[in-house]
C-alpha cells in the first residue's frame, strides 16, 4: 500500500513538473496585414490589430518597435 | 500583461508625411514569448495628386470636422465621383467605429457622383482626434481608398 502511495506521488510530481516546463506564453494575431490602398500625403492613417493571448502562461507585451 | 485567453487592441498610426507611391511598414511586437518577434504589416499607395484617382475621385480627400464655435458640428458630407465606365459598389472595410459612422449608397453608377455622410458619435463630440476609414470598391483591382478624418476643438 505504501509503495503504491509513493508511486502515485512520484507520478503526480512528474506530471506537475512536465506541466510547468511546458507552460509558455503565446501571441496570436489573426490579421497580420492591412492595406490602406490609396491615401493622401501628410496624413495619419490608423488601423487596429487584435492581439490574443493563446498560450498557457501570461503574455507580456514588452514593446512595439516601429517598422 | 495579457492573461491566458485575454485579448487587446494594437492601434498602428502611420504618418504619410511626403512619401510617394507604395510604402510598407512592419512594426515588431516584442513579448515574453521570445524570438522571433511577431510582426504586423501595413501598406499604402501615397497619392501626390488626390484629384486624379481611378476608379473614383473623392472630394474632399481629407475630412476636417473641427469644432470652432458653439453650434455643434457633428456631421459633414463628401462626394465620390465614379470616373469609370462601370457601376461600383462601395464597402467600408475599416472604420474607427467608436468615433464616427459613414453612410454611403449601395451603388455608384458609372459617371455619377454621390454624397457620403460622416456622422460623429455623441461620445466624441468633445474630443480632438485623427482617425481614418477605408472604402473598397468592387472593380477588378478591388481599389481601396483611406480617408483621414480630423477633428480639433476651439470652444468659446
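Chains as they are written, first to last, in my numbering: chain A, 51 to 117; chain B, 424 to 579.
Yeah, the Cβ is synthetic: ideal placement off N, Cα and C, and Gly gets one too.
The stretch 518-525 of chain B and the stretch 533-543 of chain B touch, with three or more beta-carbon pairs separated by less than 8 Å.
Under the Cβ distance rule, residue 501 (chain B) does not count among the residues neighbouring chain A, no pair being separated by less than 9 Å. Counting only Cβ-Cβ distances below 7 Å, residue 431 (chain B) has contacts in chain A at 101, in chain order.
For residue 577 (chain B), the number of other beta carbons within 10 angstroms of its own is below 16, and it is reported as exposed. By the criterion of a C-beta distance shorter than 7 Å, residue 78 (chain A) is surrounded in its chain by 102 and 104, once the five residues flanking it on both sides are discounted. Around the beta carbon of residue 430 (chain B), fewer than 16 other beta carbons sit within 10 angstroms, so the residue counts as exposed.
Within its own chain, the residues whose Cβ lies closer than 7 Å to the Cβ of residue 561 (chain B), once the five positions on either side in sequence are excluded, are 511 and 512, listed in chain order.
Interface criterion not met: the Cβ of residue 551 (chain B) is under 9 Å from no Cβ in chain A.
The stretch 462-470 of chain B makes contact with the stretch 82-100 of chain A; the number of CB pairs closer than 8 Å reaches 3 or more. In chain B, no part has a C-beta under 9 Å from the C-beta of residue 61 (chain A); the shortest such distance is about 26 Å. Exclusion of the five residues before and after residue 504 (chain B) leaves 479, 480 and 536 as the residues of its chain whose Cβ lies within less than 7 Å of its Cβ. Across the set A:53, A:58 and A:114, the C-alpha of A:114 shows the shortest separation from the C-alpha of residue 460 (chain B).
Here the C-alpha atom of residue 530 (chain B) lies approximately 10 Å from the C-alpha atom of residue 509 (chain B).
Separation of residue 433 (chain B) and residue 81 (chain A) (C-alpha to C-alpha, rounded to the nearest whole angstrom) is 11 Å. Relative to residue 444 (chain B), the option among B:424, B:472 and B:547 whose CA is nearest is B:472. Under the Cβ criterion of 9 Å, residue 524 (chain B) is not counted among the residues facing chain A. Secondary-structure assignment with DSSP links residue 542 (chain B) through a beta bridge to B:498 and B:524.
Interface residue (Cβ-Cβ distance to chain B less than 9 Å): residue 52 (chain A) is not classified as such. Around the CB of residue 490 (chain B), 16 or more other CB atoms lie within 10 Å, so the residue is classed as buried. Interface flag for residue 449 (chain B) against chain A is set, since a Cβ pair is found closer than 9 Å.
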